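So the structure is just underneath, and the comments pick up after that.
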Amino acid sequence: MAKTYPMVKARLCALEAEAEALRRRELPDVVADMRRKIKEYAITAEQLFGPELSDLVQYRDPETGLTWNGMGRPPNWIRGKDRGPFRVD
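According to UniProt numbering, the sequence shown is numbered sequentially starting from 1.
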């Protein structure tokens, strides 16, 4: 029998539903395994996800070494100035 677009589309929907059901069934075991490994290897959130965006230094005052992450009000040493020279690469 020749396949038609509606037949293939219906099969695709059935496969997506089957895949989602399998994902939901396997998810608790996967999460438990990940938690065991995180505990066993003492993995920190920063190691797993990287540093918080707010922790990243964006600007540094070359004279004082003070830093600013670019969030919130700019500190006095950069306020009203071109930020380019202060940018940390």
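Positions of the beta carbon are idealized from the N, C-alpha and C atoms, including for glycine.
Only a predicted model underlies this, so the values are computations on that prediction, with no experimental measurement involved.
**Request:** Please classify I59: is it buried, with 16 or more other beta-carbons within 10 angstroms of its beta-carbon, or exposed?
**Result:** In the sequence on display, residue 59 carries Tyr and not Ile. Burial call: buried.
**Item:** A19 versus L12: straight-line alpha-carbon distance, rounded
**Value:** 10 Å
**Prompt:** Where does Y41 sit, in a helix, a strand or coil, going by DSSP?
**Reply:** coil
**Asked** Using the C-alpha atoms, what's the distance from T64 back to E40?
**Response** 42 Å
**Item:** Local conformation of R79 per DSSP, three classes
**Value:** Three-state result, R79: coil.
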